[in-house]
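Residue numbers (the working numbering): 136 to 645.
What follows is a set of notes on a single structure, which appears directly below.
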Ligand code: XMP
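Okay, structure coming up:
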């Protein structure tokens, strides 16, 4: 498949460049900036993008790519820092300039390739302190702003281009069209990247890897990643896939039924393992959050081990690792190294299981997984379900996990979800749940004073869980949630709303 390679110079937007190019139907992947030219050439990219980054090209330790990349004859597009580095490496001059941050008006001087079919003036997003002062030989100005005479430049003969602004961010009008022009018109990359093609390729790939007679094990949680992984493997090898669904006793209200029903409707019957007693027994005297996580991971591995012993042998373990996880580990180039990371992912699984790892989603972003899920028939409410942490309600119960606190956390969380859905807020927020600890507060119930639990509500907005902000829910909605919780959940007298953003807080309380 034709691909565009994006070299990452440290910009927070580097992933976004990949995603925008993929949205144009062209496959794009992110690689470290210091990849050597031979490895890069071996990947046969149709085009190369240099991302932005926080450095200045004239600093002594500035990240600079392998110089030979510039002479591979493959079209190049530099963005922000990437643009300045191109100018610097090709003999132009980059200097500290008037800082430009935010929206600027871009005036297009040449619309013959990069700006083809784009109106003459557009808003663009700038975020830079350096700028090109003199262009390298062969380059012409393609667009300017009031303060940047060379906001876009190009050397048509060498097919090398530079943009001082960020076409990948939503604030740049027609940014996606500019990236499309680069990928499709300048690089001639074919628009072959679609989720239905992906499904065909993934199924073929799994069939190629898992040999006749080999069997695959997958743990499913009902979350979108493990569900789609299981569906793809099932489509490829049918009943040679065994799925297990472990109930650790820390699931949301009605969750086990919902997950099992979904899989049944999709034609997969997971093995249901009710291990709730085991987990809760081991957690009963533990209040340290890290210890809770550790115990849950350990116990999960044991349950898994028992399942393998009883229902094995298996040769493969299927996992829902996504592209950002692959990239984060910095090992995307080498398949060997990537497999090592996968083993680490299966926290706590004993080595003797000796399972090879199958990761059909390792090329995909979350929104692409959602598209695949829809194509595979996963019901919309499961596709849009909020993320739920592996350790479940244990991280939403502060202090010891008791039956009483579990009951309160479950019921109150359900009320939060129901009320958000009713008010049209559920799909607008990243996560929404209730937290319960050991704090108590006095309330009046009937004629008596009650020393009840305090429940905290956490509703956050986020793009990727790296940062998050508390959702500004309407007061009436908060009032309804609070009323229902104190009326319907026995033992709760107070309801509070968490107004801490991440950072410094985290999304989960534990
Ligand atoms: P924090 O609390 O770190 O959470 O801001 C960020 C995102 O990760 C989820 N989360 C987890 N997911 N295992 C998981 O699978 C975990 O141990 C875990 N801890 C947090 C959390 O729900 C949020 O979406």
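Every residue gets a Cβ at the ideal spot worked out from N, C-alpha and C, and that includes glycine.
Buried or exposed (CB count within 10 angstroms, at least 16 for buried), residue i
i	result
residue 444	exposed
residue 113	Because the chain spans 136 through 645 in this model, residue 113 falls outside it and cannot be assessed.
residue 374	exposed
residue 195	exposed
residue 520	buried
residue 307	buried
residue 150	buried
residue 193	exposed
residue 223	buried
residue 165	buried
residue 209	buried
residue 269	exposed
residue 513	buried
residue 540	buried
residue 400	exposed
residue 397	buried
Nearest-angstrom beta carbon gap, residue j and residue i [assumed within contact, 8 Å]
i	j	result
residue 386	residue 527	6 Å
residue 313	residue 249	6 Å
residue 543	residue 616	Not a contact, Cβ separation roughly 14 Å.
residue 486	residue 450	Incorrect: roughly 15 Å between the Cβ atoms, too far for contact.
residue 287	residue 298	5 Å
residue 318	residue 564	So it is not a contact: roughly 33 Å between Cβ atoms.
residue 570	residue 324	Rounded, the Cβ-Cβ distance is 48 Å, inconsistent with contact.
residue 370	residue 338	5 Å
residue 205	residue 211	7 Å
residue 300	residue 241	7 Å
Beta-carbon proximity list for residue i, same chain, < 7 Å, skipping 5 on both sides
i	result
residue 315	159
residue 558	612
residue 231	264 and 265
residue 646	Outside the shown range of the chain, which is 136 to 645, sits residue 646, and nothing can be said about it.
residue 482	Low confidence applies here, because residue 482 scores a pLDDT of 45, under 50, leaving its location unreliable; read the following figure in that light. Within the same chain, residue 482 has close Cβ partners 432.
residue 479	Because residue 479 sits at a pLDDT of 35, beneath the cut-off of 50, its placement in the model cannot be relied upon, and the following sentence gives the value as read from the coordinates. Once the five neighbours on either side are set aside, residue 479 has no close Cβ partner at all.
residue 566	521, 522, 595 and 642
residue 568	531, 548, 551 and 593
Boundaries of the alpha helix (DSSP H) in which residue i is found, first to last residue
i	result
residue 432	424 to 446
residue 330	330 to 344
residue 564	Here residue 564 belongs to no alpha helix (DSSP H), and DSSP marks it neither H nor E.
residue 679	This structure cannot speak to residue 679, because the chain is shown only from 136 to 645.
residue 312	310 to 315
residue 516	515 to 518
residue 620	610 to 623
residue 552	538 to 557
residue 292	Element bounds for residue 292: n/a, residue is neither H nor E.
residue 324	Element bounds for residue 324: n/a, residue is neither H nor E.
Residues near residue i by beta carbon distance below 6 Å, same chain, minus five either side
i	result
residue 146	186, 187 and 188
residue 453	351, 353, 364, 368 and 493
residue 201	171 and 172
residue 469	Its pLDDT being 32, under 50, residue 469 is placed unreliably by the model, and nothing is read from it.
residue 505	518
residue 497	456 and 461
residue 366	511
residue 357	394
residue 391	382
residue 639	none
residue 327	136
residue 376	351, 368 and 369
residue 226	271
N- and C-terminal bounds of the beta strand (DSSP E) containing residue i
i	result
residue 593	583 to 596
residue 229	228 to 243
residue 378	376 to 382
residue 185	182 to 185
residue 409	406 to 409
residue 140	138 to 143
residue 251	Neither: residue 251 is in no beta strand (DSSP E) and is coded neither H nor E.
residue 154	Taken as a continuous stretch (DSSP letters only), residue 154 belongs to no beta strand (DSSP E), being part of the alpha helix (DSSP H) at 149 to 158.
residue 212	211 to 214
Same chain, Cβ closer than 8 Å to residue i, five either side skipped, listed in chain order
i	result
residue 155	302, 303, 310, 311 and 314
residue 408	379, 380, 381, 382, 438 and 442
residue 499	333, 457, 458 and 507
residue 545	387, 388 and 528
residue 653	Nothing about residue 653 can be read from this structure; the chain reaches only from 136 to 645.
residue 420	535
residue 575	586, 587, 588, 589 and 628
residue 180	138, 139, 140 and 209
Min CB distance residue i to chain D below 8 Å
i	result
residue 223	Looking for chain D here will not work: only one protein chain is present.
- Message: For the pair the region 545 to 561 and the region 595 to 602, tell me if three or more CB-CB distances fall below 8 Å.
- Response: no
- Query: Quick one: any contact between the region 255 to 268 and the region 229 to 240, if contact means 3 or more CB pairs under 8 Å?
  - Reply: Segment contact: the region 255 to 268 against the region 229 to 240, three or more CB-CB distances shorter than 8 Å; contact assigned.
- Three or more beta-carbon pairs under 8 Å between the region 584 to 592 and the region 632 to 644, yes or no? Segments in contact, yes.
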